[in-house]
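S.K.:
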Amino acid sequence: MLIIQWNCNNLVSKLELFKNFLDTYDPDIVLLCELKVEELISKPRNNFSGGVAILINKKVEFFQDLTIGTWNS
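Just add 1 to the spot in the sequence shown (first one is 1) and you have this note's numbering.
1. Could you check if I4 belongs to the surroundings of the ligand SAH, using beta carbon to heavy atom distance under 8 Å?
2. In whole angstroms, give me the CA-to-CA distance for Q65 and I57.
3. Do you know offhand how far V31's Cα is from T68's?
4. Who are the near neighbours of G51 in its chain, counting only those whose CB is closer than 6 Å to its CB and skipping five residues on each side?
5. What does a CB cutoff of less than 6 Å around I4 pick up in its chain, not counting 5 residues either side in sequence?
6. Between K60 and the rest of its own chain, which residues show a CB-CB distance below 8 Å, the 5 nearest in sequence each way excluded?
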């Protein structure tokens, strides 16, 4: 299993690089931080920094537990 973590520091500006990376390495799980994108599922904040994403390849079986409560950041 290949798990990758990347502090991309503005994903939009590196989108082609990211797509090429996915095509080349076909990772099972990708953890992204510092996305700095305007629209995704988000929690409102006062600045334009941060953002995380967990991407799971379709070939990986997983269980999503939605019973976990929320917390304040």
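Yeah, the Cβ is synthetic: ideal placement off N, Cα and C, and Gly gets one too.
Treat the numbers as computed from the prediction; the structure is a model and nothing was measured.
M.R.: In brief:
1. The model depicted lacks the ligand SAH and carries no ligand whatsoever.
2. Against the sequence shown, residue 65 aligns to sequence position 64. Against the sequence shown, residue 57 aligns to sequence position 56. Near 11 Å, if we compare the C-alpha coordinates of I57 and Q65.
3. The residue labelled residue 31 in the question sits at position 30 within the sequence shown. The residue labelled residue 68 in the question sits at position 67 within the sequence shown. Answer to the nearest angstrom: the Cα atoms are 23 Å apart.
4. Here residue 51 refers to the residue found at position 50 of the sequence shown. Excluding sequence neighbours, G51 sits near nothing in its chain.
5. Taking the sequence shown and counting its residues from 1, one reaches residue 4 at position 3. Excluding positions up to five away in sequence, the list reads I30.
6. By one-based count along the sequence shown, residue 60 stands at place 59. D29, listed in sequence order.
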